[in-house]
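Q: Residue numbers (the working numbering): 178 to 394.
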Amino acid sequence: MVRVEVRPIHATQCRTMATNYSKLKDLITLKVSMSDMHSQILHAMKGLYQNDINSARRYEQITTIGQLLKVLEVRDVLSEENILPLQVLAQRLPDNMEIMNSISCYEQSRGPKQNINQYAPSLSDPVWRSMSNIQRMAYCAWCVAHGLWRITCGICRVAYRIWRVMYWTWRVCYVLWRITYFLWNILTRVLNASHHHQNNMRIMHSQMVYVRRNVKG
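#1: Looking only at its chain, what residues have a beta carbon closer than 8 Å to the beta carbon of residue 218, apart from the 5 residues adjacent to it on each side?
#2: How many whole angstroms separate the CB atoms of residue 248 and residue 234, which I take to be in contact at a CB cut-off of 8 Å?
#3: If you measure between the beta carbons of residue 316 and residue 201, is that distance less than 8 Å?
#4: For residue 207, tell me which candidate among 273, 254, 385, 371 has the shortest Cα-Cα distance.
#5: What are the boundary residues of the alpha helix (DSSP H) that residue 262 is part of?
#6: Tell whether a beta-carbon distance below 8 Å holds between residue 204 and residue 286.
#7: Rounded to whole angstroms, what is the Cα-Cα separation between residue 338 and residue 260?
#8: My output table needs one value for residue 256: the three-state DSSP class, helix, strand or coil.
#9: Quick check on residue 276: buried or exposed, where buried means 16 or more other Cβ atoms within 10 Å of its Cβ?
#10: Measuring only the C-alpha atoms, how far is residue 349 from residue 332?
#11: Drop a sphere of 10 angstroms on the beta-carbon of residue 358, count the other beta-carbons inside from all chains shown, and report buried for 16 or more, exposed for fewer.
#12: On a CA-only basis, which of 222, 238, 240, 256 is nearest residue 197? Give me that one, please.
#13: Under 8 Å, Cβ to Cβ, is there at least one residue of chain D near residue 323?
#14: In terms of residues, what are the limits of the alpha helix (DSSP H) holding residue 236?
#15: Would you check if the distance between the CB atom of residue 254 and the CB atom of residue 226 is smaller than 8 Å?
#16: Determine the DSSP secondary structure at residue 371, reduced to helix, strand or coil.
#17: Please determine, among 216, 360, 214, 221, the residue with the shortest C-alpha to C-alpha distance to residue 320.
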């Protein structure tokens, strides 16, 4: 779990940071793309927002963080008013202090939201920090549970495919056995008929020889 310590940012520091939504999104996209953990982060984010993507075909087509963010924007999950996916991305980066500072500057530049209570604790308040940690722990627990669920689903799919292969193999073997059994019955009947015919011929030959001897006698 990536632990992030939020520090108050002075207004003069924000002048050199991305306070525009597009610039902030491009900055985070670039940082994630250049990170060695790009594949792991992309896989985790796709799993987290799988329900929001709501399309198996679209889910498979997403191969970059930029594509994922565009889909989330289309689904109204990511916007200028809601940058939670960008915050989740930033928390997954190993060296994320600069990104988190940029996010803080962006939120300061947006001003206070209308639906926030004026008595809400500040980011530096201990109660707020503990609540944030609890939320992160709950999120990590959800990620672990979701990962285990996906692994279980993968194992079930593999087991089902193995069962299908074994079932069709058994069906093919059964059909081959039926064909072999049918051919064996035909061959057996032909051989029995041939043997019966030979016996009849021998009997007839013996009778003819017997008749000839009696006639001569």
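We treat Cβ as the ideally placed atom computed from N, Cα and C, and that holds for glycine.
A: Walking through what the data contain:
#1: As a working note, residue 218 is residue 41 in the sequence shown. Excluding positions up to five away in sequence, the list reads 209, 212, 242, 266, 269, 270.
#2: Here residue 248 refers to the residue found at position 71 when the sequence shown is read from its first residue. Here residue 234 refers to the residue found at position 57 when the sequence shown is read from its first residue. Not really, about 12 Å apart at Cβ, beyond 8 Å.
#3: As a working mapping, residue 316 is identified with position 139 in the sequence shown. As a working mapping, residue 201 is identified with position 24 in the sequence shown. Result no, Cβ atoms of residue 316 and residue 201 do not sit closer than 8 Å.
#4: By 1-based counting over the sequence shown, the position of residue 207 is 30. Per the Cα distances, 273.
#5: Along the sequence shown, one-based indexing puts residue 262 at 85. Counting along the chain, the alpha helix (DSSP H) containing residue 262 begins and ends at 261–269.
#6: Working through the sequence shown from its first residue, we reach residue 204 at position 27. Working through the sequence shown from its first residue, we reach residue 286 at position 109. It is not a contact, given that the beta carbons lie outside the stated cut-off.
#7: In the sequence shown, residue 338 corresponds to position 161, counting from 1. In the sequence shown, residue 260 corresponds to position 83, counting from 1. Looking at the two C-alpha atoms, the distance is approximately 41 Å.
#8: For the purposes of this step, residue 256 is identified with residue 79 of the sequence shown, where counting begins at 1. Assignment of residue 256 by DSSP, reduced to helix, strand and coil, places it in the coil class.
#9: The residue given as residue 276 occupies position 99 in the sequence shown. Buried, by the Cβ-count rule.
#10: On the sequence shown, residue 349 is found 172 positions in, with the first residue counted as 1. On the sequence shown, residue 332 is found 155 positions in, with the first residue counted as 1. Rounded to the nearest angstrom, the two C-alpha atoms are 26 Å apart.
#11: Locating residue 358 in the sequence shown gives position 181, counting from the first residue. Counting Cβ neighbours within 10 Å, residue 358 comes out exposed, since fewer than 16 surround it.
#12: As a working note, residue 197 is residue 20 in the sequence shown. It is 256.
#13: The structure shown has no chain D; it contains just one protein chain.
#14: As a working note, residue 236 is residue 59 in the sequence shown. Counting along the chain, the alpha helix (DSSP H) containing residue 236 begins and ends at 233–238.
#15: Against the sequence shown, residue 254 aligns to sequence position 77. Against the sequence shown, residue 226 aligns to sequence position 49. Contact: yes.
#16: Indexing the sequence shown from 1 puts residue 371 at position 194. Residue 371 falls in the helix class under three-state DSSP.
#17: Translated into positions along the sequence shown, residue 320 becomes position 143. For the residues 216, 360, 214, 221, the minimum Cα distance to residue 320 belongs to 221.
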